[in-house]
Amino acid sequence: MGHRTPLFDTHLAASARMVDFGGWDMPVNYGSQIEEHHAVRRDAGMFDVSHMLIVDVRGARARDYLRRLLANDVAKLAEPGKALYSCMLNERGGVMDDLITYFLREDWFRVVVNAGVREKDVAWLQRHSAQFQVDIQPRPELAMIAVQGPNARAKAAGSIGPRSAAALQLKPFYGAELDGWFISRTGYTGEDGWEIALPAAEAPKLWSSLRDAGVVQCGLGARDTLRLEAGMNLYGADMDENVSPLESALAWTVAFDPRERDFIGRAALEAQRRAGVKRKLVGLVLQERGVLRGHQKVIVAGVGEGEITSGTFSPTLERSIGFARVPADAGEYVEVDIRGKLLRAKPVKPPFVRNGKALVAL
Numbered sequence: 005m006g007h008r009t010p011l012f013d014t015h016l017a018a019s020a021r022m023v024d025f026g027g028w029d030m031p032v033n034y035g036s037q038i039e040e041h042h043a044v045r046r047d048a049g050m051f052d053v054s055h056m057l058i059v060d061v062r063g064a065r066a067r068d069y070l071r072r073l074l075a076n077d078v079a080k081l082a083e084p085g086k087a088l089y090s091c092m093l094n095e096r097g098g099v100m101d102d103l104i105t106y107f108l109r110e111d112w113f114r115v116v117v118n119a120g121v122r123e124k125d126v127a128w129l130q131r132h133s134a135q136f137q138v139d140i141q142p143r144p145e146l147a148m149i150a151v152q153g154p155n156a157r158a159k160a161a162g163s164i165g166p167r168s169a170a171a172l173q174l175k176p177f178y179g180a181e182l183d184g185w186f187i188s189r190t191g192y193t194g195e196d197g198w199e200i201a202l203p204a205a206e207a208p209k210l211w212s213s214l215r216d217a218g219v220v221q222c223g224l225g226a227r228d229t230l231r232l233e234a235g236m237n238l239y240g241a242d243m244d245e246n247v248s249p250l251e252s253a254l255a256w257t258v259a260f261d262p263r264e265r266d267f268i269g270r271a272a273l274e275a276q277r278r279a280g281v282k283r284k285l286v287g288l289v290l291q292e293r294g295v296l297r298g299h300q301k302v303i304v305a306g307v308g309e310g311e312i313t314s315g316t317f318s319p320t321l322e323r324s325i326g327f328a329r330v331p332a333d334a335g336e337y338v339e340v341d342i343r344g345k346l347l348r349a350k351p352v353k354p355p356f357v358r359n360g361k362a363l364v365a366l
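Residue numbering for the sequence shown follows the working numbering, starting at 5 and increasing by one per position.
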């Protein structure tokens with residue numbers, strides 16, 4: 005038996021199919037994964053993301069601390085509530101986790117980490133906290149519900165009560181604490197919406213209210229197809245401690261300026277840049293019938309080999325899509341070994357889909 009979120013019984017009552025995900029018992033779907041996917045692209049869906057962990061970083065030097073810990077630079081965060089996406093690296097430049105950091109006050113930042121590495125992340129954060137005299141406060145008592153889709157905020161507004169007026173004014177990639185809940189205009193689907201953190205005991209009531217408002221219950225299966233269409237990496241699949249952000253299509257998240265900022269992993273990334281990055285992460289659209297899956301071999305004629313890191317059938321594009329780590333000089337087409345057959349695939353720059361619209365040529 006794995007860890008359970010405050011919504012575990014709610015999922016069972018809705019006949020969800022439960023699976024293990026990073027040590028947590030989570031719903032993979034409530035019936036049709038395809039219908040759940042389309043609900044988010046076309047209307048509104050919701051996900052239990054309470055397996056992720058909120059960590060508050062408090063102290064007068066919280067900003068200095070996070071400038072050391074993260075590859076992106078929290079000095080960019082000037083307005084209260086503004087969020088920043090970043091990787092947290094080890095000394096070798098490998099990705100320990102990718103996370104979102106919110107600036108709430110000069111002495112208070114909020115970090116949201118991934119489920120499968122939450123204990124490791126907290127230990128790492130605590131290990132480096134003493135010299136900056138910051139307090140690391142995990143918040144496991146908070147549940148999280150993501151409401152996503154073009155109509156998500158409108159449909160969810162009634163369920164969050166008097167908080168709705170302020171929540172509807174949030175700009176993309178901003179969050180705010182509103183009457184004991186933390187609501188942010190962020191997500192992992194490529195659609196608009198909110199992620200709502202609230203006391204665990206209040207989560208079942210909110211879930212029920214959202215369902216009554218016409219927000220579709222969605223599981224991790226749809227969340228995975230949505231994030232892949234949206235060109236968003238999955239930790240543990242598309243990057244991990246053994247690959248750098250430069251090899252994971254995440255160079256844009258690394259702030260090398262100012263040069264004097266010595267973040268953990270910087271020296272390793274600079275050495276990799278000087279030597280030349282040998283591999284890159286690309287999007288792939290399969291040109292023939294078949295389905296891309298993780299760990300399939302990718303053949304780059306005359307250059308070398310790579311590997312699929314994530315793959316699925318895209319319900320929006322009605323094609324198989326994926327991410328692959330391939331040699332840096334891979335060309336216009338590659339071949340993927342699917343059950344012994346070499347099928348042609350076209351490298352593209354993600355995202356594949358955003359706001360319900362195809363962004364790549366098929």
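All C-beta atoms, glycine included, are put in the ideal place defined by N, C-alpha and C.
C-beta contact flag for residue i and residue j at 8 Å
i	j	result
Gly26	Glu245	no
Lys86	Phe177	yes
Gly315	Gly298	yes
Arg227	Phe356	no
Val44	Leu296	no
Met92	Leu108	no
Glu311	Arg348	no
Leu214	Val151	yes
Thr4	Asp242	One cannot answer for residue 4 here, as it falls past the ends of the chain, which runs 5 to 366.
Gly191	Asn359	no
Asp125	Met100	yes
Met22	His15	yes
Gly153	Gly49	yes
Ile325	Leu232	yes
Ser163	Leu88	no
Pro84	Pro208	no
Gln221	Ala17	no
Ile303	Val247	no
Leu290	Arg323	yes
Asp111	Ala79	no
Ala160	Val121	no
Gly269	Asn94	yes
Ala156	Gly197	yes
Val364	Val352	yes
Ala272	Arg46	no
Ser90	Leu81	no
First through last residue of the alpha helix (DSSP H) which encompasses residue i
i	result
Arg278	270-279
Ala207	207-216
Asp14	Inspection of the sequence shows that residue 14 is occupied by Thr rather than by Asp. That run of the alpha helix (DSSP H) goes 12-17.
Extent of the continuous beta strand (DSSP E) to which residue i belongs
i	result
Phe51	49-52
Asp24	21-25
Ala171	Element bounds for Ala171: not the beta strand (DSSP E) but the alpha helix (DSSP H), 168-171.
Ala328	323-331
Phe186	185-188
Arg62	57-62
Arg72	Where Arg72 is concerned, there is no enclosing beta strand (DSSP E), although the alpha helix (DSSP H) it sits in stretches over 66-73.
Ala201	197-203
Leu81	Here Leu81 belongs to no beta strand (DSSP E), and DSSP marks it neither H nor E.
Thr316	308-318
Ala76	According to the sequence as given, residue 76 is Asn; it is not Ala. Unbroken run through Asn76: none, as it is neither H nor E.
Met30	28-33
Per DSSP, the bridge partner or partners of residue i
i	result
Tyr178	Lys86
Ile38	Paired residue(s): none; Ile38 is not in a bridge.
Ser163	Answer is none; Ser163 lacks a bridge partner.
Ala362	Val357
Ala349	Leu290, Val338
Val302	Gly310, Val340
TODO: Entirely within the segment 84-157 and at least 3 residues each: give me those beta strand (DSSP E) ranges in chain order.
DONE: 87-93, 99-109, 112-117, 139-142, 146-152
Open item on the list: For the pair the segment 194-207 and the segment 142-154, tell me if three or more CB-CB distances fall below 8 Å.
Closed with: A contact exists between the segment 194-207 and the segment 142-154.
TODO: Determine, using beta-carbon pairs with one atom in the segment 124-137 and one in the segment 68-82, whether at least three such pairs fall under 8 Å.
DONE: yes
Task: 3-residue-minimum beta strand (DSSP E) runs that sit fully inside the segment 218-298, ordered along the chain - done: 283-290
- [ ] Tell me, please, whether the segment 249-264 touches the segment 114-123 by the rule of three or more beta-carbon pairs shorter than 8 Å.
- [x] no
Open item on the list: Does the structure place the segment 264-277 close enough to the segment 313-331 that three or more beta carbon pairs sit under 8 Å?
Closed with: Under the three-pair Cβ rule at 8 Å, the segment 313-331 does not count as touching the segment 264-277.
Task: Stretch pair the segment 133-144 + the segment 27-34: three plus CB contacts closer than 8 Å - done: no
- [ ] Decide if the segment 187-196 is in contact with the segment 162-174; the criterion is three or more beta carbon pairs, one per stretch, under 8 Å apart.
- [x] yes
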